[in-house]
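For the sequence shown, the numbering used here gives the first residue as 109, with consecutive numbering after it. Note that the Cβ used here is the ideal one computed from N, Cα and C, for glycine as well. Taking it in order: structure first as structure tokens, then the write-up.
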Amino acid sequence: MAYEDFTEMPVWKAAFNLLLDVYKVTKSYPADERFGLTSDTRRSANSIVHNIAEGFGRFEAKDKTRFYKVSRGSAYELMSQILVAQALSYY
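Here's what the structure looks like:
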């Protein structure tokens, strides 16, 4: 299916909703994590969303693929950060 805008992509919509959830959850992280796990977790979630959007805007398939792969890598990074937060009983 051809999308006219990246915001129509189901994967972008899911990533965007995840990003909003990450911001809500990380508000409750300890203050001393502000420049640590809180920032890192938000950065990873942002990277997922924005790399999908940037990949959509690329014309060459190779460029699109590169950005989608970066987004996938950021998703794995976010999963790892969530596991750390769980282990530390942040939520």
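CA-CA distance, Lys135 and Thr146?
-> Against the sequence shown, residue 135 aligns to sequence position 27. Against the sequence shown, residue 146 aligns to sequence position 38. Lys135 and Thr146: Cα-Cα distance of roughly 8 Å.
Can you name, in chain order, every residue of its own chain whose Cβ lies under 8 Å from the Cβ of Ile190, other than the five neighbours on each side?
-> As a working note, residue 190 is residue 82 in the sequence shown. Here the set comprises Thr149.
Please state whether DSSP places Pro118 in a helix, a strand or coil.
-> On the sequence shown, position 10 is the one that residue 118 refers to. In this structure, Pro118 counts as helix in the three-state DSSP scheme.
Hey, how far is the Cα of Ala169 from the Cα of Met187?
-> Residue mapping note: residue 169 aligns to position 61 of the sequence shown, counting from 1. Residue mapping note: residue 187 aligns to position 79 of the sequence shown, counting from 1. C-alpha separation (whole angstroms): 27 Å.
On the three-state DSSP scale, how would you describe Met109?
-> The residue you call residue 109 lines up with position 1 of the sequence shown. In this structure, Met109 counts as coil in the three-state DSSP scheme.
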